[in-house]
Amino acid sequence: MENLFEEPAIDYCKHYSLQEFLQFTERSEYRYEFWDGMVVFMAGTTKAHAEIADNLNAIFKNALKPKGCKSFQESVYLRMERKNSLYLPDVMVTCDPEDIPLDSRFVDNPSIIVEALSESTELTDRTHKWQQYRQIPSLRYYLLVSQKAVFVEMYGRPNAQSLFSYQCFEGLDAEIELQDPAFTLTLAAIYDGVFEKEVQ
């Protein structure tokens with residue numbers, strides 16, 4: 004009997020073209036990323052991880068839609084053509100008119116990228132992905148959100164010519180002031196439904 008919960012067989016050592024990868028994912032019920040010709044399987048997430056991503060996507064949609072921005076969650080590819088790579092950030096925001104058409108599978112110019120940290124992905128989010136993401140000219144904020152505590156780390160910069168600065172925020176009373184696009188992000192909203200109110 005076929006095991007419906009088993010990851011499908013795929014040659015991870017083989018280098019694929021981008022077109023081959025896209026054709027493969029169209030037939031697959033699983034999620035994958037494409038790292039310079041290599042196929043990378045995306046494991047399932049915890050409920051806390053999903054809740055955090057849901058919260059952030061809803062926050063961004065409500066706050067930034069009037070500003071002409073779009074928010075996408077875990078299903079639209081971030082395309083880095085120079086790196087021949089496609090990533091699936093937990094949440095990303097773009098305000099670039101070229102990214103807005105809904106008939107595309109890709110975002111090329113995100114302004115905000117969020118990764119909710121987990122034991123299996125934290126090292127990759129802090130190293131490989133951050134090394135790639137920070138080369139995106141449009142990127143203004145990279146948020147790393149813990150699912151074990153009320154704690155958010157942020158790398159931010161005012162423009163593409165600036166270096167990223169680092170800040171961290173802790174506790175349900177903390178607020179994150181973003182400038183581009185401009186709005187306030189509260190940790191209470193990010194962690195709504197994840198931790199009890201008394202957790203700090």
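First residue of the sequence shown? That's 4 in the numbering used here, and the numbers climb one at a time after it.
For each residue, glycine too, the CB sits at the ideal point set by N, CA and C.
Would you mind giving the Cβ-Cβ distance between residue i and residue j, rounded to the nearest angstrom? I have them listed as a contact below 8 Å.
| i | j | result |
| --- | --- | --- |
| Asn112 | Thr97 | 6 Å |
| Ile116 | Leu91 | About 11 Å; that fails the 8 Å criterion. |
| Leu175 | Leu190 | 6 Å |
| Ala63 | Val43 | In the sequence under discussion, the amino acid at residue 63 is Phe, which differs from the Ala named in the question. The pair is not a contact, with the Cβ atoms about 25 Å apart (cut-off 8 Å). |
| Ile179 | Val155 | 7 Å |
| Asn58 | Ala192 | 6 Å |
| Met45 | Arg34 | 4 Å |
| Pro161 | Lys70 | In fact, because the Cβ distance is near 17 Å, the residues do not count as touching under 8 Å. |
| Val153 | Glu173 | 6 Å |
| Glu36 | Leu89 | 6 Å |
| Glu54 | Val197 | 5 Å |
When we look at the beta-carbon of residue i and count the other beta-carbons within 10 Å, is it buried (16 or more) or exposed?
| i | result |
| --- | --- |
| Leu7 | Residue placement at Leu7 cannot be trusted, given a pLDDT of 36 that sits under 50; what the coordinates show is reported in the next sentence. Classification of Leu7: exposed, given that the 10 Å Cβ count is below 16. |
| His18 | exposed |
| His131 | exposed |
| Gln182 | exposed |
| Ala119 | buried |
| Ala56 | buried |
| Thr159 | Per the sequence shown, residue 159 should be read as Gly rather than Thr. Gly159 comes out buried. |
| Glu5 | Note on Glu5: pLDDT 38, under 50, position unreliable in the model; no value is reported. |
| Phe109 | exposed |
| Gln134 | exposed |
| Gln170 | exposed |
| Phe128 | It should be noted that the sequence gives Asp, not Phe, for residue 128. With 16 or more other Cβ atoms within 10 Å, it is buried. |
| Lys73 | buried |
| Ser20 | exposed |
| Leu81 | buried |
Name the one or two DSSP bridge partners that residue i has.
| i | result |
| --- | --- |
| Ile193 | Ile193 is not bridged to any residue. |
| Phe172 | Val155 |
| Ile179 | Leu188 |
Give the range of the beta strand (DSSP E) segment to which residue i is assigned.
| i | result |
| --- | --- |
| Arg85 | Unbroken run through Arg85: none, as it is neither H nor E. |
| Val94 | 94 to 97 |
With a threshold of 8 Å between beta carbons, is residue i in contact with chain D?
| i | result |
| --- | --- |
| Val117 | Among the chains in the structure shown there is no chain D, since it carries only a single protein chain. |
- [ ] Within the stretch 20 to 75, note down every full alpha helix (DSSP H) run reaching 4 residues or more, in order along the chain.
- [x] The qualifying runs are 21 to 29, 50 to 67.
Task: Completely contained alpha helix (DSSP H) runs for the stretch 108 to 152, where each covers 4 or more residues - done: Complete alpha helix (DSSP H) runs here, min 4: 125 to 129, 131 to 136.
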